[in-house]
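Residue numbers (this note's numbering), protein chains in the order written: chain F, 2 to 231; chain X, 2 to 231.
We put the beta carbon where it would ideally sit given N, CA and C, even for glycine.
For reference, the structure is listed below as structure tokens.
2 protein chains.
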Amino acid sequence: MESEINILVVEDDNDINTLLCDIIRNSGYRPQPAFSGTEAVLYLEKRSWDMVLLDLMLPGMSGEELLEKISEQLPVPVMIISAKSEQQTKIEALRTGADDYITKPFDIEEVSARIDSHLRRYRRMNQTLHIKELNYKDIRINTESQIVVVNEKEILFTAREYAILTLLLSSPKKVFTKANLFESVWNEKYYGDDNTISVHMSNLRSKLSKANPHEDYIETVWGVGYKLKT
Amino acid sequence: MESEINILVVEDDNDINTLLCDIIRNSGYRPQPAFSGTEAVLYLEKRSWDMVLLDLMLPGMSGEELLEKISEQLPVPVMIISAKSEQQTKIEALRTGADDYITKPFDIEEVSARIDSHLRRYRRMNQTLHIKELNYKDIRINTESQIVVVNEKEILFTAREYAILTLLLSSPKKVFTKANLFESVWNEKYYGDDNTISVHMSNLRSKLSKANPHEDYIETVWGVGYKLKT
DNA sequence: GACTTTCTTAAGACTTTTCTTAACTCTTTT
DNA sequence: AAAAGAGTTAAGAAAAGTCTTAAGAAAGTC
């Protein structure tokens with residue numbers, strides 16, 4: 002299964018946003034447009050990102066404010082793309098936590114090359130550092146080694162099962178609808194009327210209960226979806 | 002004790018070199034001037050660096066040539082500082098492995114801010130681990146001499162094979178995806194659908210099992226990648 | 001420039017996972 | 001109790017991922 006690179010594009014101008022998204026798509030990554038700071042925050046909370054392109058002049062929450070928020074809380078590289086060409090603004094942004102700053106109008110090829118450059122280096126770093134541990138009850142997942150330990154026993158899951166499980170553990174309180182799951186794990190639209198997920202859930206539960214028959218991990222929320230048992 | 006940050010400044014113009022060194026010194030880092038590509042190579046071989054500032058127009062070995070050499074062999078971030086302002090040059094440099102590109106005449110504050118920005122993000126990674134011996138089961142690798150001993154026998158591996166093997170041994174529990182391997186060993190983006198890695202793995206395994214037929218070292222993790230057998 | 005080694009590409013065989021379907025059961029809601 | 005939603009199981013088919021081999025391309029060496 003191919004791992005996607007996700008890039009958030011925060012830019013209120015529709016044309017520029019579309020252009021940036023096209024550049025990203027042409028490089029083989031997956032862009033997500035956001036047209037305001039507040040919208041960007043929602044996306045940033047929803048999932049993890051490999052990079053953020055950020056305009057400084059935004060409606061509502063300013064770009065600077067958002068930049069500060071991101072650099073304090075998230076390890077994601079941020080590239081500012083702004084019409085503000087004053088040195089002072091540029092320097093402030095870089096000092097606040099931006100990883101790059103380019104001014105409009107920009108050269109398409111250069112933006113593309115810079116995105117690649119940052120990702121290249123950042124991914125290398127991510128590989129050796131950034132070990133995340135996911136825990137829930139007696140389930141321990143090391144996202145680096147992809148080893149899942151349940152009740153002190155190492156359990157082997159298929160790639161899909163692993164994806165579902167880590168998704169659930171990443172937001173222990175959230176109820177995931179079937180559409181949610183389909184879009185996250187399969188990266189496809191969900192058209193309902195499909196028990197593929199049921200089958201996978203069934204297999205997941207059976208592997209889990211084999212490891213620990215006394216515990217119950219996944220809860221069905223009737224008419225909605227699934228969540229971890231609280 | 003705080004460890005010093007060392008930055009190599011490759012620039013043939015004496016005044017500019019001095020200026021850059023001053024900027025670096027004022028930021029609390031330790032600069033090392035080099036006035037030609039060949040001189041830079043000597044410094045690069047002598048010790049490890051946290052960052053390299055590089056002019057493209059150099060006597061003897063060109064900056065482009067040096068950049069290529071560095072990005073192939075070393076994980077250090079490189080910032081190009083050049084009078085060449087053509088987009089094509091800039092893009093080529095970024096694609097070759099440069100982490101940033103600024104044109105002369107440059108703004109002192111901006112250079113300073115950009116250096117800090119790169120160091121901030123990549124500093125931890127650059128704390129080059131000085132591992133001299135890698136061990137796993139009956140495999141012993143001396144990373145200085147690059148000699149690999151398996152089951153008391155010295156085995157010769159090709160450069161790629163050696164790179165893959167040391168990567169695996171560096172994190173014995175980690176599952177390396179193909180993208181991981183490609184980015185570390187080849188220093189290139191992975192677009193999937195490529196069995197080069199499979200072939201190298203096959204060759205690696207066959208060499209290893211020739212040295213010790215009773216042992217099994219590399220495990221395939223389906224749908225994910227490879228790891229060392231636990 | 002010829003020789004050697006190493007790397008990459010391609011093709012086919014092979015393995016494992018995933019999907020789909022279907023029949024049947026269980027649970028909750030109305 | 002009936003209806004709707006959800007769960008389980010199993011089996012075959014399809015898809016995805018991997019392994020191996022061999023030959024040509026590229027790189028490095030003398």
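For the pair T159(F) and T167(F), the Cα-to-Cα distance works out to about 12 angstroms.
Shown here for I140(F): same chain residues with a beta carbon closer than 6 angstroms to its own, the five before and five after excluded, namely V151 in chain order. Not a single C-beta of chain X is nearer than 8 angstroms to the C-beta of E184(F). Not a single C-beta of chain X is nearer than 8 angstroms to the C-beta of E65(F). Per DSSP, N143(X) is not a residue of any alpha helix (DSSP H); the beta strand (DSSP E) it occupies stretches across 140-143. Residues of the same chain with a CB within less than 8 angstroms of the CB of E65(X), apart from the 5 flanking positions on each side, are L57, E93, A94, T97 in chain order. The beta carbon of I6(F) sits closer than 7 angstroms to those of Y30, R31, D51, L120, all from its chain and outside the five residues before and after it, given in chain order. Between A99(X) and S118(F) a beta carbon distance of about 7 angstroms is seen, short of the 8 angstroms cut, so the two are scored as contacting.
Counting of Cβ neighbours within 10 angstroms places R26(F) among the exposed residues, the total staying below 16. Taking CB atoms only, A212(F) has no neighbour in chain X less than 8 angstroms away. Taking 8 angstroms as the cut-off, the beta carbon of F183(F) is found no closer than this to the beta carbon of K228(F). Taking C-beta separations shorter than 8 angstroms and ignoring five residues to either side along the sequence, the partners of R206(X) in its chain run Y218, I219, following chain order. Counting along the chain, S72(F) sits inside no beta strand (DSSP E); it lies in the alpha helix (DSSP H) bounded by residues 64-74. Runs of the alpha helix (DSSP H) spanning 4 or more residues and lying entirely within the region 175-203 of chain X occur at 179-182, in chain order. Taking Y123(F) as the centre and dropping the five residues before and after it, the same chain places the C-beta of P78 closer than 6 angstroms to its C-beta, in chain order.
Contact of I140(F) with chain X is not assigned, every C-beta pair being separated by 8 angstroms or more. Counting only the Cα atoms, K91(F) lies some 11 angstroms from V112(X). For V200(X), the number of other beta carbons within 10 angstroms of its own is below 16, and it is reported as exposed. Shown here for Y191(F): same chain residues with a beta carbon closer than 7 angstroms to its own, the five before and five after excluded, namely K179, A180, F183, E184 in chain order.
The Cβ atoms of E155(X) and N204(X) do not sit closer than 8 angstroms to each other. Residue environment: A84(X) is assigned as exposed (fewer than 16 neighbouring CB atoms within 10 Å of its CB, all protein chains considered). With a threshold of 8 angstroms between beta carbons, G29(F) makes contact with chain X. DSSP assignment within the region 10-63 of chain F yields the following whole beta strand (DSSP E) runs of 3 residues or more, N-terminal first: 31-35, 52-55.
Residues of chain F with a Cβ closer than 9 angstroms to the Cβ of K174(X) are, in chain order, N143, E145, S146, I148. Between K91(X) and chain F, the shortest Cβ-Cβ separation is below 8 angstroms. Annotation: K138(X) to E73(F) spans about 42 angstroms, alpha carbon to alpha carbon. For a cut-off of 8 angstroms, the C-beta gap from I71(F) to L45(F) is around 7 angstroms, short enough to register as a contact. Within chain F, the residues placing a beta-carbon under 7 angstroms from that of P78(X) are R122, ordered along the chain. With 16 or more other Cβ atoms inside 10 Å of its own Cβ, G38(F) counts as buried.
For S86(F) and I103(F), the gap between their C-alpha atoms comes out near 9 angstroms. With respect to the 8 angstroms criterion, D13(X) and F36(X) are classified as neighbours on the basis of their beta carbons. Any Cβ of chain X closer than 8 angstroms to the Cβ of T159(F) would place that residue at the interface, and such an atom is present. Using a Cβ-Cβ cut-off of 8 angstroms, R48(F) does not count as an interface residue toward chain X, since no Cβ of chain X sits closer than that to its own. In this structure, L209(X) lies away from L170(X), with their beta-carbon atoms at least 8 angstroms apart. Excluding sequence positions up to five before and after V225(F), its CB lies within less than 7 angstroms of the CB of V176, T178, all in the same chain and listed in chain order.
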